[in-house]
Structures are given as structure tokens and as C-alpha cells.
Amino acid sequence: DRPDPPRALRLSEASGTSLSLSWDPGFNGGLPQHFLLRAEGPDAPPPPAALVTSGFSLMLSGLQPDTPYDVTVRARNARGDSAPARLRALTS
228 DRPDPPRALR LSEASGTSLS LSWDPGFNGG LPQHFLLRAE GPDAPPPPAA
278 LVTSGFSLML SGLQPDTPYD VTVRARNARG DSAPARLRAL TS
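Below you can see the structure in the form of C-alpha cells.
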């Protein structure tokens, strides 16, 4: 089966150009899973999705200061992607 969405997506820290995020994994569908993170801001094209192959946290860097970002995290296994977990976060 495809994995369940990540749970409890949260902002750990925000700076002018980065966001530190963490989450709890959902059920992996019985297969190894990894996570894809994306942050989309209002003015710039989104950076490429970040891939997390171990652990449940990541710092997204290279962002614009004082900007709201819509962050999505999806779990992925050999059967496909989960629905996204979503969070709106603001760089400082």
C-alpha cells in the first residue's frame, strides 16, 4: 500500500532564509519510505523538493526573508506517494 501522510508537521525554528521542520511518520504501507518536502512562496518559483531518506526533520534553506511559505511533506514508498501534510510558515 501507499504510505499514510506524515503527522504533526511542525515548525521547529525560523530564520531569515531558512525553516526547520519536523514531523511524525504515518504508517509506511509495510515498505521502506522516505519524505519529500517542498516550500512554495508567493513571489519566487519553488525550489526543488528536498528528499529526506533518514529521520523526520529537515532545514529548508535558501528562502526569502519575511516571507510566508506553504510547506508540504509527502511520504513515498515503492507503491507511491501519500497525501500531503501541510503547514504555513513565515521566515523572519
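This note's numbering numbers the first residue of the sequence shown as 228 and each following residue consecutively.
Think of the CB as a built atom: it goes at the ideal place given N, C-alpha and C, for glycine as much as any other residue.
Quick caveat, the model's predicted, so the values are computed rather than measured.
Helix, strand or coil: how does DSSP classify ASN304 here?
-> By 1-based counting over the sequence shown, the position of residue 304 is 77. The DSSP-derived three-state label of ASN304 is strand.
C-alpha gap between ALA271 and LEU248, whole angstroms | Translated into the one-based positions of the sequence shown, residue 271 becomes position 44. Translated into the one-based positions of the sequence shown, residue 248 becomes position 21. Cα to Cα, ALA271 sits roughly 20 Å from LEU248.
Should PRO232 and ARG303 be called a contact, given that it needs their Cβ atoms to be closer than 9 Å?
-> As a first step, residue 232 must be located in the sequence shown, where it is residue number 5. As a first step, residue 303 must be located in the sequence shown, where it is residue number 76. Between PRO232 and ARG303, the gap from beta carbon to beta carbon reaches 9 Å or more.
What residues match up with SER247 in a beta bridge as DSSP calls it?
-> By one-based count along the sequence shown, residue 247 stands at place 20. Beta-bridge pairing links SER247 to GLU240, MET286.
For ALA305, which option in GLY268, LEU258, PHE262, GLY243 has the closest C-alpha, if you only look at C-alpha atoms?
-> As a first step, residue 305 must be located in the sequence shown, where it is residue number 78. When each option's Cα is compared against that of ALA305, the closest is LEU258.
Is DSSP giving ALA310 helix, strand or coil here?
-> If you number the sequence shown from 1, residue 310 lands on position 83. Per DSSP, reduced to three states, the secondary structure at ALA310 is coil, with no helix or strand assignment.
Among PRO275, PRO252, THR294, which has the Cα closest to the Cα of PHE283?
-> Locating residue 283 in the sequence shown gives position 56, where the first residue counts as 1. Closest option to PHE283, judged by alpha-carbon separation, among PRO275, PRO252, THR294: PRO252.
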